[in-house]
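Taking it in order: structure first as C-alpha cells, then the write-up.
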Amino acid sequence: MRYSDELIDEIKNKNDIVDIISQYVVLKRSGRNFFGLCPFHKEKSPSFSVSPDKQIFHCFGCGVGGNVFHFVSKIENISFKESLETLADKAGVELPILENDGDSKILALKSKVYEINKCAAEFYHENLYKPTAKPAQEYVKKRKLDNSTLKSFLIGYSGNFNELYMLLKQKGYTEEEILASSLVNKTPEGKYIDRFRKRLMFPIQDVRGRVIAFGGRVLDDSKPKYINSPENIVYSKGRHLYGLNVAKKYETKKIIIVEGYMDAVSLHQRGIHNVVASLGTAMTEAQGRLLRKSSEQIIIGYDSDGAGQVATQRGLEILQSLGCDVRVLQIEGAKDPDEFVVKYGPERLEKQVEKAISLVEYKVKTLSKNLNLEIANDKIKFLKEIAKVLSKIENDIEKEVYIDKIAKEYAISKEAIYAEIGKLENINNKGSKILERTKPKLEVKQNNVIDEQTDKREKLVIYLLINYPEKSYNIIKKNIGIIDFKSKRNQTIIKKLYEELEKGNSNISNIIDWFEDEQIINYLSWILAYDFEITEINKCISDLINIYARENALKQRNEIIKRLEKDNLSKEESSELEKMLNEIIIKLAKMK
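Last residue of the sequence shown: number 591 in numbering that gives the first Met the number 0, and the count goes up by one each step with no gaps.
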C-alpha cells in the first residue's frame with residue numbers, strides 16, 4: 000500500500016525544494032531559477048537547475064530530474080518511500096500506519112470534511128436566493144454583484160441557529176465529522192449551533208477547487224464585521240489565497256493581491272479577474288510561493304492605511320526573497336482598490352496597474368516621505384538608505400536607470416550615490432558575477448528515433464497541457480489523438496494526461512508523481528524546466544493544431560495516391576478516391 004496523494008502533497012508543500020537542495024548544493028539565483036554544480040556527475044559549469052515555481056530540479060548535463068522526493072532519494076541513495084518518510088519527519092508531519100484499506104482514520108476524516116464543506120457551500124449559496132435572505136440580497140444589490148459573480152465565488156447566506164447542522168445530520172454525517180469542519184460549535188450544555196449565522200458567506204477554495212473554509216460578513220452594524228473558519232484538519236490560512244481558483248481561469252501573467260474578500264469580488268465583478276485576497280493575514284512565504292507559481296508579476300494592492308502599508312512592506316520583502324517581479328499599486332482618492340474601481344471605473348484602475356511601481360521605487364518613495372530632505376542630516380540618511388536598496392540590484396543596467404532617476408528627482412549627484420554603493424559593496428565583498436545560464440540544447444534520449452522538429456513539437460504539447468490545461472486540453476484532445484504522437488514515451492504521457500484531465504484533475508503540475516519510471520521522470524523534469532519561449536498561448540495552441548491538421552492531411556493524401564497506383568481498382572473506386580484526393584489537395588492549399 001502507499002500513502003495518499005493528499006498526504007504526499009502536504010509533505011512536499013512543507014519541504015521547499017530550494018531549501019532542501021541548498022543543504023547539498025551551493026545554489027545561485029539566475030532569473031526565476033537557481034543553478035549549481037550537479038551533485039550526480041562531474042562538471043565545471045553549472046547545469047543543475049532548480050525551479051522554486053514548479054518545485055522540480057533538472058540537470059541539463061546528465062539529464063537527471065524530478066521533485067524533492069526524487070532528489071533526496073537519489074542523493075541519499077534511499078527508496079522513494081524512505082525519502083518521503085525522511086521529509087515527513089523533517090516537516091513534522093505524522094505518517095499514518097498504512098492499513099489494508101489504504102487509508103488512515105485521519106485521512107478518512109479529511110475526506111469527510113471536504114464533503115461537508117462542499118455541502119455547506121451549496122447550502123449557503125441556495126439560501127441566498129430564498130425570501131429569508133432579504134438582507135443579503137439587498138447588500139448584494141447595493142454592491143452591484145450579478146448572478147455570474149455570485150456563482151463564480153459561490154457566495155451565499157447562512158441561516159439561523161442550527162439549520163446547517165440539521166442538514167448535515169440528515170445527510171448522515173457524524174458529530175465528529177461535523178465538528179472537525181469547524182462549521183458547527185458545541186455548547187457547554189451539549190447543544191449544536193452553526194458557527195455562521197445570518198451572514199453573507201464567502202467559501203474559500205484551494206487551487207484544486209475544493210472548499211476548505213469560509214468567511215462570513217455581518218449585514219448590520221454588529222461586531223465582529225467578519226468571522227472566519229479557524230484552522231482545522233483541511234485549512235491553514237497562511238497557505239491559501241482567496242479567489243485564486245477563479246483567477247486561474249483567466250489570464251494571470253499579472254496578479255493583483257488585495258486584502259479582503261469583497262475587494263477581490265468587487266474587482267472581478269467589474270472585469271478585473273486577475274485578483275486574489277490574502278485572507279486577512281499578513282502575507283506568508285507559502286502564499287508568496289503560490290503567487291510566484293501562478294504568475295509572472297505580482298501587484299500588491301493593499302489598503303492605504305497604516306496597517307495596509309505595513310502589510311505591503313512585508314509582502315514586498317517576502318516576494319522579493321522568492322525572486323518575484325513585484326510591484327506596488329499606487330492609487331489616490333480611495334482607501335483601497337475596491338473603493339477606487341467603484342468610484343472611477345475599471346479602465347482607470349487598469350491604467351494604475353500598468354503604472355504600478357517597482358520595489359525599489361516604492362522603498363525610495365517611502366523613505367522620502369518619512370524624511371525631510373531639506374535638512375542635511377535627513378538627506379545624508381536618505382542617501383545611505385537608498386544606497387542599501389540599490390546595492391542589492393544585480394543587473395547593472397537596471398541599477399544605472401534607478402540611479403539616474405533618483406539623482407534627477409531628489410537632486411543628489413550620481414557620483415555620490417555610486418560612492419555610497421561602492422562602500423557597501425566593498426564591505427560585503429560583493430562583485431561576483433551573475434551566474435549566466437546557457438540555454439540547454441534540445442537533447443534528451445529518445446526511446447524511438449524521431450526528427451528534432453517533431454520531438455520538440457510533441458514536448459511542447461505536453462508542456463501546454465501541464466501548464467495551461469484550462470486553455471489547451473479541450474482543443475488539443477479534440478484535434479490531436481494519442482496515435483498522432485511518434486514517440487512511444489510521449490504516447491504514454493499524453494494518454495495519462497488525457498485520462499486525468501478528463502476526470503477533472505486540475506493538479507496537473509504534479510504529473511511527475513504519477514510515474515515511477517526514472518526515465519519518464521527525468522524526461523518530464525526536462526520539459527518542465529525548458530523555456531519554450533511562448534509569448535501568446537492561444538496562438539501557440541492554434542499553430543500546433545494547424546501543423547497536426549496539415550500532417551494528417553498529407554498522410555491521407557499519400558495513402559490515397561498509393562491506393563490509386565494499384566491496378567486492381569474498379570472505375571467507381573478510382574473515381575471516389577480521386578474525388579477524395581481533390582478535396583484534400585484543396586484543404587492543403589487553404590492551410591498554406
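Even for Gly, the Cβ is constructed at its ideal location relative to N, Cα and C.
C-beta atoms of residue i and residue j nearer than 8 Å
{"i": "residue 492", "j": "residue 519", "result": "yes"}
{"i": "residue 592", "j": "residue 243", "result": "There is simply no residue 592 to check, as the chain begins at 0 and stops at 591 in what is shown."}
{"i": "residue 359", "j": "residue 401", "result": "yes"}
{"i": "residue 241", "j": "residue 199", "result": "no"}
{"i": "residue 485", "j": "residue 534", "result": "no"}
{"i": "residue 19", "j": "residue 63", "result": "no"}
{"i": "residue 420", "j": "residue 411", "result": "no"}
{"i": "residue 262", "j": "residue 202", "result": "no"}
{"i": "residue 183", "j": "residue 193", "result": "yes"}
{"i": "residue 74", "j": "residue 38", "result": "yes"}
{"i": "residue 328", "j": "residue 255", "result": "yes"}
{"i": "residue 281", "j": "residue 313", "result": "yes"}
{"i": "residue 556", "j": "residue 536", "result": "no"}
{"i": "residue 526", "j": "residue 462", "result": "yes"}
{"i": "residue 82", "j": "residue 123", "result": "no"}
{"i": "residue 475", "j": "residue 460", "result": "yes"}
{"i": "residue 129", "j": "residue 469", "result": "no"}
{"i": "residue 115", "j": "residue 167", "result": "yes"}
{"i": "residue 119", "j": "residue 149", "result": "no"}
{"i": "residue 370", "j": "residue 415", "result": "no"}
{"i": "residue 508", "j": "residue 465", "result": "yes"}
{"i": "residue 46", "j": "residue 32", "result": "no"}
{"i": "residue 457", "j": "residue 489", "result": "yes"}
{"i": "residue 185", "j": "residue 92", "result": "no"}
{"i": "residue 108", "j": "residue 176", "result": "yes"}
{"i": "residue 407", "j": "residue 388", "result": "no"}
{"i": "residue 326", "j": "residue 351", "result": "no"}
{"i": "residue 478", "j": "residue 548", "result": "yes"}
{"i": "residue 321", "j": "residue 288", "result": "yes"}
{"i": "residue 239", "j": "residue 278", "result": "yes"}
{"i": "residue 90", "j": "residue 10", "result": "yes"}
{"i": "residue 27", "j": "residue 34", "result": "yes"}
{"i": "residue 409", "j": "residue 367", "result": "yes"}
{"i": "residue 268", "j": "residue 145", "result": "yes"}
Inter-residue CB distance, residue i and residue j (contact presumed, cutoff 8 Å)
{"i": "residue 253", "j": "residue 227", "result": "About 27 Å; that fails the 8 Å criterion."}
{"i": "residue 48", "j": "residue 57", "result": "5 Å"}
{"i": "residue 257", "j": "residue 152", "result": "Their Cβ separation, rounded to whole angstroms, is 14 Å, which puts residue 257 and residue 152 out of contact at 8 Å."}
{"i": "residue 292", "j": "residue 52", "result": "5 Å"}
{"i": "residue 86", "j": "residue 112", "result": "Incorrect: roughly 24 Å between the Cβ atoms, too far for contact."}
{"i": "residue 237", "j": "residue 286", "result": "7 Å"}
{"i": "residue 423", "j": "residue 386", "result": "6 Å"}
{"i": "residue 211", "j": "residue 191", "result": "Not a contact, Cβ separation roughly 22 Å."}
{"i": "residue 298", "j": "residue 349", "result": "Wrong, their Cβ atoms sit about 11 Å apart, outside the cutoff."}
{"i": "residue 126", "j": "residue 181", "result": "Not confirmed; about 19 Å, so no contact."}
{"i": "residue 553", "j": "residue 587", "result": "7 Å"}
{"i": "residue 251", "j": "residue 303", "result": "Actually they do not touch by this definition, with Cβ atoms about 25 Å apart."}
{"i": "residue 55", "j": "residue 524", "result": "5 Å"}
{"i": "residue 36", "j": "residue 17", "result": "The Cβ separation is near 16 Å, so there is no contact."}
Per DSSP, cross-strand counterpart(s) of residue i
{"i": "residue 57", "result": "48 and 64"}
{"i": "residue 200", "result": "155 and 215"}
{"i": "residue 503", "result": "Per DSSP, none; premise fails for residue 503."}
{"i": "residue 191", "result": "185"}
{"i": "residue 32", "result": "29"}
{"i": "residue 324", "result": "296"}
{"i": "residue 210", "result": "204"}
{"i": "residue 356", "result": "327"}
Threshold first: 4 residues or longer. Then list the alpha helix (DSSP H) segments lying entirely within the stretch 225-294, N to C. 243-246, 260-268 and 284-293
Taking the runs of the alpha helix (DSSP H) that are 4 residues or longer, which of them lie wholly in the stretch 509-579? 517-528 and 536-563
Which full runs of the alpha helix (DSSP H) of 4+ residues lie inside the stretch 376-400, going along the chain? none
Is there contact here, the stretch 558-572 with the stretch 489-503, by at least three beta-carbon pairs under 8 Å? no
Please give me, in chain order, every unbroken run of the beta strand (DSSP E) with length at least 3 that falls completely inside the stretch 457-499. none
Tell me, please, whether the stretch 169-185 touches the stretch 127-144 by the rule of three or more beta-carbon pairs shorter than 8 Å. no
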